[in-house]
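Participant: Can you read through this structure? Questions will come right after.
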Amino acid sequence: MSNLPDELRGVIVQTGAGQLLLPNSVITEVLSFSDPDAVEGGPEWLLGLIRWRGWQVPLLDFAALAGVQSRSPVQSQGGRRRVIVVKALGGNPRMPYMAIMADGFPRLVTVKASTLEAPADANDLAACIRAIANLNDEEAIIPDLDQVEAKLTALAA
Numbered sequence: 065m066s067n068l069p070d071e072l073r074g075v076i077v078q079t080g081a082g083q084l085l086l087p088n089s090v091i092t093e094v095l096s097f098s099d100p101d102a103v104e105g106g107p108e109w110l111l112g113l114i115r116w117r118g119w120q121v122p123l124l125d126f127a128a129l130a131g132v133q134s135r136s137p138v139q140s141q142g143g144r145r146r147v148i149v150v151k152a153l154g155g156n157p158r159m160p161y162m163a164i165m166a167d168g169f170p171r172l173v174t175v176k177a178s179t180l181e182a183p184a185d186a187n188d189l190a191a192c193i194r195a196i197a198n199l200n201d202e203e204a205i206i207p208d209l210d211q212v213e214a215k216l217t218a219l220a221a
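With the sequence shown counted from 1, adding 64 to any position gets you the numbering used here.
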């Protein structure tokens, strides 16, 4: 990862999978949680669809999607639950956004490029996880947003 700038601006989002590290440029809005519209026959990780600015946005549980053990009971946190609307960068005009269930508000961080390490064996990573970063002695998951979007697009087909 030598072609990265020395420092990157990111956003830490607490989810059931642990901390996600997202580029702050993909965060569109943070919403209070309200029950999504159910999607019949959808996978466990698809919590439903939320209505946002005229769009039906898929809301997902990242821990369930990535197939990792949930570290915190995000869905039982009551008023702390948030919905993070992110830009889908794949160019699908029918799905320009997706949303991730979060526990609390995201926080801005500055990440030194030296703390980002590509995994020695990409096969060790769960589905939809691109890499793991070490931030102040805590792990942060860098999701593979392209793969997440591909899974959502495949469901819509």
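Glycine included, each C-beta is placed from N, C-alpha and C at the ideal position.
(1) Could you tell me the distance, in whole angstroms, from the CA atom of Ala166 to the CA atom of Ile91?
(2) Under three-state DSSP, which class holds Glu213?
(3) Using the C-alpha atoms, what's the distance from Phe97 back to Gln141?
(4) Leaving out five residues on either side along the sequence, give the residues of the same chain with a beta carbon under 7 Å from the beta carbon of Arg144.
(5) To the nearest angstrom, report how far apart Gln83 and Leu219 are at their CA atoms.
(6) Can you tell me whether Leu180 is buried or exposed, with buried defined as 16 or more other CB within 10 angstroms of its CB?
Facilitator: The relevant details are as follows:
(1) If I take the Cα positions, the gap works out to 13 Å.
(2) Glu213 falls in the helix class under three-state DSSP.
(3) Unreliable positioning characterises Gln141 in this predicted model, as indicated by a pLDDT of 47, which lies under 50. The coordinate reading is nonetheless provided below. C-alpha separation (whole angstroms): 10 Å.
(4) If the five residues before and after Arg144 are omitted, its C-beta is found closer than 7 Å to the C-beta atoms of Asp167, Gly168, all from its own chain and listed in chain order.
(5) Between Gln83 and Leu219, the C-alpha separation is close to 26 Å.
(6) Classification for Leu180: buried.
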